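When the letters of the sequence shown are read in order and numbered with the numbering used here, they come out as residues 15 to 434.
The beta-carbon is built from N, C-alpha and C at its ideal position, and this holds for glycine as well.
These numbers were taken from a predicted model, which means no experiment stands behind them.
Heads up, the thing below is written out as structure tokens.
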Amino acid sequence: MILILGAFNVDTVNAKTSYGFSDTNYENEVGERERTNGNKRRYPFIASNIAISTPRLQKTSSGQFQLVYQYGYPMTRGGAERFLEYRVKFSKDLEKIVSGISIDPVGAKADPRPPNSKKKYNFENRVGQDSDGYKVFSSGVYLGSGYNGGDANIYITLSRSFIPQNTFISSYMISSTEVTRPVYPSFEAVRILQYSQFGKQYNEALLKSEKDQNIDKLKKTYDDLIKKINDSSLSQKTKEAVSSDIKDILGKAVQKINSETQFENKTLQSIETIADVAIDNMNDAYGNLSEFTITSLPNLNFGVQLIQSKKTIYETVDDQVIKGLLVVMNATTPSNINVNLSISDLKSKTHTLSAMYALGNKLYKPNTAFAFISGTQRSGEFTLKRQSSEGVKLIVYPENVHAETYTGTATWSISKGPSN
Numbered sequence: 015m016i017l018i019l020g021a022f023n024v025d026t027v028n029a030k031t032s033y034g035f036s037d038t039n040y041e042n043e044v045g046e047r048e049r050t051n052g053n054k055r056r057y058p059f060i061a062s063n064i065a066i067s068t069p070r071l072q073k074t075s076s077g078q079f080q081l082v083y084q085y086g087y088p089m090t091r092g093g094a095e096r097f098l099e100y101r102v103k104f105s106k107d108l109e110k111i112v113s114g115i116s117i118d119p120v121g122a123k124a125d126p127r128p129p130n131s132k133k134k135y136n137f138e139n140r141v142g143q144d145s146d147g148y149k150v151f152s153s154g155v156y157l158g159s160g161y162n163g164g165d166a167n168i169y170i171t172l173s174r175s176f177i178p179q180n181t182f183i184s185s186y187m188i189s190s191t192e193v194t195r196p197v198y199p200s201f202e203a204v205r206i207l208q209y210s211q212f213g214k215q216y217n218e219a220l221l222k223s224e225k226d227q228n229i230d231k232l233k234k235t236y237d238d239l240i241k242k243i244n245d246s247s248l249s250q251k252t253k254e255a256v257s258s259d260i261k262d263i264l265g266k267a268v269q270k271i272n273s274e275t276q277f278e279n280k281t282l283q284s285i286e287t288i289a290d291v292a293i294d295n296m297n298d299a300y301g302n303l304s305e306f307t308i309t310s311l312p313n314l315n316f317g318v319q320l321i322q323s324k325k326t327i328y329e330t331v332d333d334q335v336i337k338g339l340l341v342v343m344n345a346t347t348p349s350n351i352n353v354n355l356s357i358s359d360l361k362s363k364t365h366t367l368s369a370m371y372a373l374g375n376k377l378y379k380p381n382t383a384f385a386f387i388s389g390t391q392r393s394g395e396f397t398l399k400r401q402s403s404e405g406v407k408l409i410v411y412p413e414n415v416h417a418e419t420y421t422g423t424a425t426w427s428i429s430k431g432p433s434n
């Protein structure tokens, strides 16, 4: 088979044209053929034998829909030097979305007897112009003795577009034999397929196909993201929260897609847009996700000290080390992490120390938040450290000190970090 591609410029079907087309179905016996011995044809013409099937849908290897139907006058005996020709043309609205047509006559081709030309009878998917301005697509075949035939398989490939109502497909055939071998009848016929016979089933299939393709695309994105989330180092709580958000985006998009019911080309664009926007939103929910977890904090133990007669500054016994885990889904650059600290006043069972805290050259009253440390980190485990000599210090005034054990509360928080 040869596939013809292109756009066709047609109008409406008129009365019988030079290519034999008409507004309505018809059949017409062509002449009266007799055998050379004077006997009538062996098989009479029976109009009801002319058959056209309801088009069925199939998909090409490239994913395009095809309307496929059979048209002809089935004959189970040999061809008896018979030639047949099949012609097809479309309504104007339909031909705009036809991207290809192939007409494939059934039966093995034979060489016509002289003086008939093989080229004249055996041809594939020829394009012509009818007297009414239609483009006509035709294929012919010459069948020798012993070759059955009479039908043609017709394949119409359609572009991604809905078929408008009031469209039609008109099919013509002519069958004849050599004068000396009139075994089968000679006739011509037209059968017209209306929108109700092919249009609605195609439109329903196209709409379903578009919905299925876009929903599958959404589900694939969802599955890929959920796998990435589950494989990440995020906490279970965060995994469940973002997975729920992404699932909600998927569910709403699928619901919107399934609500589209109109056989209009803008529906196809709407379905695609719904899917694309939802995919962007799911990717954003994943890509913008980050989680900052502090896994270890310094004790801020200022040790056991002798009471001094003047203001005294004490360092912590150990270095001030913060350990944590940063999980950023799609970060391409390091994230800034700023950790704040607030320390309450230190108290014993009976007294309040009324101390001050120092970091660098700045002093802070109890319960005042201040920037403790900052760093630029990539996704993964990290450590932020201040030497005790460079970390937060305790300032004690002698008039407030008693020989007791003092304790307080340190509150740590993130003042600035990756967006979440």
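Notebook entry, point to check: Is the segment 168-179 in contact with the segment 132-149, if contact means three or more CB pairs nearer than 8 angstroms?
Noted result: no
Checklist line | Whole-angstrom distance between Glu278 and Pro58, CA atom to CA atom | finding: 48 angstroms
Checklist line | As assigned by DSSP and simplified to three states, the class of Thr281 | finding: helix
Margin query: Excluding the 5 residues flanking Gly20 on each side, which residues of the same chain have their C-beta closer than 6 angstroms to its C-beta?
Written below: Low confidence applies to Gly20: its pLDDT is 31, below 50, so where it sits in the model is not reliable enough to give any reading.
Checklist line | Beta-carbon gap between Leu157 and Arg96 smaller than 8 angstroms | finding: yes
Notebook entry, point to check: At what residue ranges does the segment 207-278 contain a whole run of the beta strand (DSSP E), taking only runs of 3 or more?
Noted result: none
Checklist line | Euclidean distance between Cα positions of Lys253 and Tyr236 | finding: 14 angstroms
Checklist line | Buried or exposed by the 16-neighbour rule on C-beta atoms within 10 Å, applied to Ala65 | finding: exposed
Notebook entry, point to check: Roughly how many whole angstroms lie between the Cα atoms of Gly405 and Ile243?
Noted result: 37 angstroms
Check: In chain order, what residues of the same chain have a beta carbon less than 7 angstroms from the beta carbon of Ser257, not counting five sequence neighbours either side?
Finding: Ile240 and Ile243
Note to self: Between the alpha carbons of Asn53 and Ser32, how many angstroms are there, rounded?
What the structure shows: The pLDDT assigned to Asn53 is 49, lower than 50, so where the model puts this residue is not dependable, and the model offers no usable value.
Next item on the list: Tell me Glu7's beta-bridge partners as DSSP assigns them.
Entry: In the structure displayed, the chain extends from 15 to 434; residue 7 sits before or after that span and is not available.
Next item on the list: Let me know the beta strand (DSSP E) ranges lying completely inside the segment 307-381, each 3 residues or longer, listed in chain order.
Entry: 326-328, 334-342, 349-357, 370-373 and 376-378
Check: Cβ of Gln143 versus every heavy atom of the ligand PLP: is any distance shorter than 7 angstroms?
Finding: Summarising the ligand content, the structure contains no ligands, and the ligand PLP is consequently not present.
Note to self: Taking the alpha carbon of Phe384 as the reference point, which residue from Gly163, Leu398 and Gly374 has its own alpha carbon closest?
What the structure shows: Gly374
Notebook entry, point to check: How do the segment 314-329 and the segment 281-295 stand: do at least 3 beta-carbon pairs fall below 8 angstroms, yes or no?
Noted result: no
Checklist line | Through-space distance from Gly213 to Leu339, alpha-carbon basis | finding: 60 angstroms
Next item on the list: Please classify Gln334: is it buried, with 16 or more other beta-carbons within 10 angstroms of its beta-carbon, or exposed?
Entry: buried
Check: Using CA coordinates, which residue listed in Asp146, Leu355 and Arg70 is at the minimum distance from Asn216?
Finding: According to the sequence as given, residue 216 is Tyr; it is not Asn. Nearest option by C-alpha distance: Arg70.
Next item on the list: Use the C-beta contact count for Asn414: other C-beta atoms within 10 angstroms, 16 or more gives buried, fewer gives exposed.
Entry: exposed
Margin query: In whole angstroms, give me the CA-to-CA distance for Trp426 and Glu274.
Written below: 52 angstroms
Notebook entry, point to check: Hey, Lys149 and Val155: beta-carbon distance below 8 angstroms or not?
Noted result: no
Item checked: Rounded separation between Thr186 and Ile285 - CA only -> In the sequence on display, residue 186 carries Tyr and not Thr. The alpha-carbon atoms of Tyr186 and Ile285 are separated by roughly 39 angstroms.
Next item on the list: Excluding the 5 residues preceding and the 5 following Tyr83 in the sequence, name in chain order all residues of the same chain whose CB lies nearer than 6 angstroms to its CB.
Entry: Ser67, Pro69 and Ile168
Checklist line | Local Cβ density within 10 Å of Thr364, reported as buried at 16 or more and exposed below that | finding: exposed
Notebook entry, point to check: For Gln78, which residues from the same chain have a beta carbon less than 8 angstroms from its beta carbon, with the 5 sequence-adjacent residues on both sides left out?
Noted result: Ser113, Thr171, Leu172, Ser173 and Arg174
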